[in-house]
Amino acid sequence: LGLSVRGRGLMYGLVSPKDHSLPARVSKEAFARRLVLETAGSYGEVLKFMPALTIAEADLRRGLSIIRDCVRTVQDSTAASS
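Heads up, the numbering used here is the position in the sequence shown plus 319, with the first residue counted as 1.
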């Protein structure tokens with residue numbers, strides 16, 4: 320997928336320079352799983368993850384797991400439609 324991660328503290332972005340539609344599709348999949356993510360960047364190429372600074376470690380791990388699963392789901396659906 321050619322993704323990269325950038326961030327500081329608990330504010331991170333998953334960057335998709337080749338497929339600008341990927342962050343929006345991952346965000347939609349995450350929302351269906353009750354996790355709200357935003358897109359950013361001039362072309363919507365960044366998926367933003369900004370949890371509260373007071374987040375519990377277990378909740379943070381759960382959120383990251385959901386993001387991982389959503390990226391895989393979108394990746395699999397992209398590969399299947401190619």
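Where a beta carbon is used, it is the ideal one built from N, C-alpha and C, also for glycine.
- Chain-order list of residues whose beta-carbon lies under 8 Å from that of G363 (same chain, five-residue window excluded): Counted from its first residue, the sequence shown places residue 363 at position 44. By the criterion of a C-beta distance shorter than 8 Å, G363 is surrounded in its chain by H339, S340, P342 and A343, once the five residues flanking it on both sides are discounted.
- Message: Given this structure, state the Cα-to-Cα distance separating R325 from L372, to the nearest angstrom.
- Response: Working through the sequence shown from its first residue, we reach residue 325 at position 6. Working through the sequence shown from its first residue, we reach residue 372 at position 53. Each residue's Cα considered, the two are about 18 Å apart.
- Collapsed DSSP secondary structure at V324 in the structure displayed: In the sequence shown, the residue the question calls residue 324 occupies position 5. It is a strand residue.
- Between A377, E376, G382 and K367, which lies nearest to G332 when the distance is taken from Cα to Cα? Walking along the sequence shown from the start, residue 332 turns up at place 13. The option with the nearest alpha carbon to G332 is K367.
- Item | Run of the beta strand (DSSP E) containing V365, from where it starts to where it stops | Against the sequence shown, residue 365 aligns to sequence position 46. Counting along the chain, the beta strand (DSSP E) containing V365 begins and ends at V365 to F368.
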